[in-house]
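Data first, discussion second: the structure below is written as structure tokens.
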Amino acid sequence: MTNWIRLIGIESKDGTQRRLLTRLEDLEKLVKKHKKENDRKFLENGDDNKTIAFTVSSSKNLENYNNQRIIYDKVITNTGNAYNKTTGIFTCPVSGTYVFTWSTMSSSAKQSCYAFIYHNGHKLMMSHSYEHSGGYHEVASNTMVLSLKKNELVWIGTTHGIYCYGYPYTGFSGWKL
């Protein structure tokens, strides 16, 4: 730092130069400290600006699913790789606010298709479609906004037997706001 002051030719007989140099050095230390702390927080929390988005569907019809998670094995988009097509679970990679939407279409005569969104094992909301006699199919969808912390889990599941068409009628999407 002393070389820099010599370079610009600042001279002071009353100690102003030394006080300015000391203040500048203190500011440099403070900046280094804050940078180190920010780097540590970034490593802990990940990139808050990272794009997280997925859209998935089931490649087959869902028949007689009883009290189980729906595994959406047809991945259309999985930016950020937060959805696991083997388990059917979205694992939050970065804390924040997320939007989730899901849809179903009933597939068998006079059968229902109930689909619930789960957050860390707790049932939150439901969609319900039913096929009426005469071959009329219902489509049901729902949307939910959740504040999630890193590593929290979200999935779609059932509570009793369901009968739903697969791709392209049944799907699950989510993204970080």
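Position one of the sequence shown corresponds to residue -2 (this note's numbering), numbered consecutively onward.
Every residue, glycine too, gets a C-beta built ideally from N, C-alpha and C.
Source: prediction; values computed, not measured.
Given residue i, which residues of its chain have a CB within under 8 Å of its CB, disregarding the five upstream and five downstream residues?
| i | result |
| --- | --- |
| isoleucine 153 | Arg66, Ile67, Tyr69, Gly85, Trp99, Ala112, Phe113, Ile114, Tyr115, Phe169 |
| asparagine 64 | Gly154, Thr155, Thr156, His157 |
| proline 165 | Ser54 |
I need the boundaries of the beta strand (DSSP E) containing residue i, first residue and last residue.
| i | result |
| --- | --- |
| tyrosine 127 | 119 to 127 |
| alanine 137 | 136 to 145 |
| glycine 168 | 168 to 173 |
Tell me the DSSP bridge mates of residue i?
| i | result |
| --- | --- |
| threonine 74 | Thr52 |
| leucine 59 | Cys161 |
| arginine 66 | Gly154 |
| histidine 116 | His119, Val151 |
| asparagine 81 | Ile86 |
With a CB to CB cut of under 6 Å and the five nearest residues on each side skipped, what residues in its chain are close to residue i?
| i | result |
| --- | --- |
| valine 142 | Val96 |
| leucine 121 | Ile114 |
| glutamate 149 | Cys89, Asn117 |
| lysine 57 | Gly163 |
| lysine 173 | Ile49, Gly93, Tyr95 |
Who are the Cβ neighbours of residue i in its own chain at under 7 Å, not counting the five residues just before and after it?
| i | result |
| --- | --- |
| lysine 146 | Cys89, Ser92 |
| threonine 167 | Ser54, Ser55, Leu59, Ser100, Thr101, Met102, Cys161 |
I'd like to confirm something about residue i: is its beta-carbon nearer than 7 Å to some heavy atom of the ligand MN, or not?
| i | result |
| --- | --- |
| leucine 24 | The model depicted lacks the ligand MN and carries no ligand whatsoever. |
Note to self: Quick check for students: name the residue ranges of the beta strand (DSSP E) that lie wholly in the segment 83 to 113, counting only runs of 3 or more.
What the structure shows: Along the segment 83 to 113, the beta strand (DSSP E) occurs as fully enclosed runs of 3 or more residues at 86 to 88, 93 to 102, listed in sequence order.
Note to self: Can you confirm whether the segment 47 to 62 touches the segment 15 to 23 when touching is taken to mean that 3 or more C-beta pairs between the two stretches lie within less than 8 Å?
What the structure shows: no
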